[in-house]
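Here is the structure we will look at.
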C-alpha cells in the first residue's frame, strides 16, 4: 500500500492531480520552482520540499508532471534530483509528455539503484486533470504498474498499461498523431462545405451519425463552427508533441506524411501568433488558404 | 403518400435498398443493364422495366443508385432517360455519389419540366444497405425531402436534410475526406507504435478511451491489426470520391492538403493492385514505406 508520495510539478495539470491524491488521503511532499504554486498545494494539505531530492526522500512513489524532456531529466537525474534520495524498491512515475529516448535514459539510470520507473503520460488536458477523468497510458514493469494503479485511478478514468518502458510515451505520441490529423480532417471538410455554399453545422450533424464520427468532429467541429479558439488543448503543446513524434520517426525510420503535414500547419499557426490558441485553430490555416470562414 | 417508385441500379447497394422498399409495401418498377440483377428484384416482387424511361413512367418517386456521374446523367437526361416520362410534380432522387456539377445540371433540366430533384448519397456501404442503417445526406427542396423521407427511413437510420440542391453531395464529399484522413491518422499511429516496439492492439485500446476516439479507430484500427483487408469500403470507391472532392476543390479554390495526400496514397494502392481491398489498406502504404507490419 502506497502512503507517501512525492509530487514534482504543480502547474495547470500537476496542481489538480496532486489535489486528487491529497483528497484521497495520500501524504504528499511537493516541489515546484514557482513559490505560489507550492504554497497553493501546501494550503491543500501537502508538505513543501526544497528540492526534488527532498520531495522524494520519504516517498514510495514519486510523480512528476513537467513541461518537457530536459526538465524531467534534470529533476530525475540532475543535481538535487530524485535519484539522490529515492530508496531501492520505490517507483518514479513520470506523467509528463517527453521523448521516448529521455524515458529510456532515466529508466536505465534508476534501475541501477533498484528504482522502477513508469512513463505514464496523459490525454485530456486541464479539464481532464480537474475532473479526474484523464486518459493515462502507462509503460514499464507490470508490478510497478499494479502498485501505482490506485493512484492513477484517483487522477484518471481510462488507465491502460500499454507495455514496457517507453510504451506510455509511444501511446501518447500515437494519440497526438491521431488527434492532430483528425482535427485536420474535420477542418478540411468544414471549409470545403462552406466554400460549396453548404451549412457546416448541418454537415457536421450529418457526419456525426455515420462512419465519420469522432470525438474531434463532435467537440472541435463545434469549436470551428463557433470560431472559439480559447484553449482547451494548446497549439504550443500539440506542436511539441508532434515534433517529438517526428523526431523519433526520423531516428528509427517511420513514414509519417500526415503528421509531417500537420507539423507544417503548427508552424503556420506559430507565424499567425496562435501558439496559445486551441489546437482546433488548424481550421484557421485552411480558411486562410481557401479565403473563406467556416 | 408515395405508392409507386421507379428504382434504377440494382447492384451491391441498390438491390438491398430496393428490397427494403418492396418489403415496406411500395410498388417498384426496376431497371438495370444486368439481366440477372433485374430478375432477382422481380423475384422479390418488383416489376421489370425495359429502360429508365419505362421504370419512371408510373412513379411518383424515381430513385437511382449508380456507379458514377456519367451513368447518372445518361439515366436521367439521356435517350430513354427518366426525364422523358416523369410527370410534373414527381421527384427524382439520386442516391449515387456523383460530382456536384452533375447534380446541378440534372436538377436544372428536371426543374424545367416541373420535376424536383434530391441528391441523397449514402454512407455505410453494402452492410449498411443490407441492414437498412445507411447514413443518408440529402440536398434539395424541403417539400420534396419531406415527401421522400418515409422511403429514406426504410433504407437508412441517420437521415439528414443538409441543405439545397447539391448539399447532399457536398456532405458526402466531406464525409469521405474525414473518413480517409482518419484512416490515415490511425495507420500512421499504429505503424509508429509497432516500429517503436509497442503493441498496436494495446495502443489502440488506450486511445479508444480518450480524445483520439473515432469509429475508424475502433473498426479500421482492428482491421489493420488483423491485416484483414476484405472490403468493406473499397479503395476503388473511396478513391473516386476523393477525386470528386479534389476536382471540386480545384475548381472553386479550397486548400485540401490532407485530402491531396490521401489521393496520392490511393494512387499507390492502385499500383499495389489494391483497388478492391478495404480502404483501411492505407496502412499497407505506411507499412511498406516504414518497412514494418502492424
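Protein chains in written order, with the working numbering: chain A, 9 to 302; chain B, 9 to 302. A virtual CB, placed ideally from N, CA and C, is assigned to each residue, including glycine.
Quick one: does the C-beta of residue i sit closer than 7 Å to a heavy atom of the ligand GTP?
i                      : result
residue 148 of chain B : With respect to small molecules bound, the structure shown includes none, and the ligand GTP cannot be examined in it.
Pull up the CB-CB distance for residue i and residue j, whole angstroms please, since I reckon it's below 8 Å.
i                      : j                      : result
residue 188 of chain B : residue 246 of chain B : 6 Å
residue 224 of chain B : residue 302 of chain B : At roughly 15 Å, the Cβ-Cβ gap does not stay under 8 Å, so residue 224 of chain B and residue 302 of chain B are not in contact.
residue 39 of chain B  : residue 60 of chain B  : 6 Å
residue 26 of chain A  : residue 54 of chain A  : 7 Å
residue 146 of chain B : residue 169 of chain B : 5 Å
residue 36 of chain A  : residue 18 of chain A  : Not a contact, Cβ separation roughly 10 Å.
residue 164 of chain A : residue 143 of chain A : 6 Å
residue 69 of chain B  : residue 98 of chain B  : 7 Å
residue 13 of chain B  : residue 34 of chain B  : 5 Å
residue 266 of chain A : residue 266 of chain B : 7 Å
residue 178 of chain A : residue 206 of chain B : 4 Å
residue 85 of chain B  : residue 117 of chain B : 5 Å
residue 162 of chain B : residue 44 of chain B  : The pair is not a contact, with the Cβ atoms about 24 Å apart (cut-off 8 Å).
On the CB-based measure, 16 or more other CB atoms within 10 Å of its CB, does residue i come out buried or exposed?
i                      : result
residue 71 of chain B  : buried
residue 279 of chain B : exposed
residue 20 of chain B  : exposed
residue 9 of chain A   : exposed
residue 95 of chain B  : exposed
residue 249 of chain A : buried
residue 295 of chain A : buried
residue 184 of chain B : buried
residue 135 of chain A : exposed
residue 220 of chain A : buried
residue 119 of chain B : exposed
residue 222 of chain A : buried
residue 104 of chain A : buried
residue 255 of chain A : exposed
Judging by CA-CA distance, which residue of the options is the nearest neighbour of residue i?
i                      : options                    : result
residue 154 of chain B : B:124, B:267, B:238        : B:124
residue 101 of chain B : B:249, B:267, B:64, B:243  : B:64
residue 151 of chain A : A:11, A:173, A:134, A:106  : A:173
residue 88 of chain A  : A:45, A:109, A:41          : A:41
residue 264 of chain B : A:248, A:195, A:263        : A:195
residue 109 of chain A : A:157, A:51, A:176         : A:176
residue 133 of chain A : A:267, A:243, A:122        : A:243
residue 180 of chain B : A:208, A:158, A:161        : A:208
residue 240 of chain A : A:83, A:298, A:228         : A:228
residue 192 of chain A : B:121, B:167, B:268, B:66  : B:268
residue 62 of chain A  : A:74, A:83, A:51           : A:83
residue 66 of chain A  : A:15, A:104, A:52          : A:15
residue 166 of chain A : A:251, A:233, A:141, A:159 : A:141
residue 290 of chain B : B:232, B:300, B:251, B:254 : B:232
residue 253 of chain B : B:182, B:86, B:31, B:29    : B:182
residue 30 of chain A  : A:270, A:255, A:160, A:105 : A:160
residue 48 of chain B  : B:117, B:156, B:22         : B:22
residue 90 of chain A  : A:238, A:139, A:121        : A:121
residue 139 of chain A : A:270, A:300, A:28, A:74   : A:28
residue 204 of chain B : B:300, B:52, B:237         : B:300
residue 11 of chain A  : A:52, A:156, A:106         : A:156
Worksheet item: Should the segment 214 to 223 of chain A be called in touch with the segment 121 to 128 of chain B, which here means at least 3 C-beta pairs below 8 Å?
Response: no
Discussion item. By the 7 Å beta-carbon criterion, what residues does the segment 206 to 220 of chain B contribute toward chain A?
Written reply: 206, 207, 210, 211, 213, 214, 215, 217, 218, 219, 220
Discussion item. For the segment 235 to 256 of chain B, list every residue whose C-beta sits within 9 Å of some C-beta in chain A, in sequence order.
Written reply: 241, 253, 256
Fill in: Three CB pairs or more closer than 8 Å across the segment 194 to 210 of chain B and the segment 251 to 266 of chain B
The way I'd put it, the segment 194 to 210 of chain B doesn't touch the segment 251 to 266 of chain B; fewer than three beta-carbon pairs between them come closer than 8 Å.
Item to complete: Please determine if the segment 269 to 287 of chain B and the segment 178 to 196 of chain B are in contact, where contact requires at least 3 C-beta pairs separated by less than 8 Å.
Response: At 8 Å Cβ cutoff, the stretches touch.
Worksheet entry | At least three beta-carbon pairs within less than 8 Å, the segment 285 to 297 of chain A to the segment 63 to 79 of chain B | no
Worksheet item: Which residues, in chain order, does the segment 186 to 197 of chain B contribute to contact with chain A at a C-beta distance below 7 Å?
Response: Within the segment 186 to 197 of chain B, the qualifying residues are 186, 187, 189, 190, 192, 193, 194, 196, 197.
Practice prompt. Anything in the segment 88 to 108 of chain A with a Cβ closer than 9 Å to a Cβ of chain B? List those residues in chain order, please.
Written response: Residues of the segment 88 to 108 of chain A with a Cβ closer than 9 Å to any Cβ of chain B, in chain order: 108.
Worksheet entry | Interface positions of the segment 253 to 283 of chain B facing chain A (Cβ-Cβ less than 9 Å), listed along the chain | Flagged, chain order: 253, 256, 257, 260, 261, 262, 263, 264, 265, 266, 267, 269, 270, 272, 273.
Worksheet item: What are the residues of the segment 160 to 171 of chain B that lie near chain A, defined by any Cβ-Cβ distance shorter than 7 Å?
Response: 166, 168, 170, 171
Worksheet item: For the segment 130 to 154 of chain A, which residues have a beta carbon sitting closer than 7 Å to at least one beta carbon of chain B?
Response: 131, 132, 143, 145
Item to complete: With 7 Å as the C-beta to C-beta threshold (strictly closer), list the residues of the segment 39 to 64 of chain A near chain B in chain order.
Response: none
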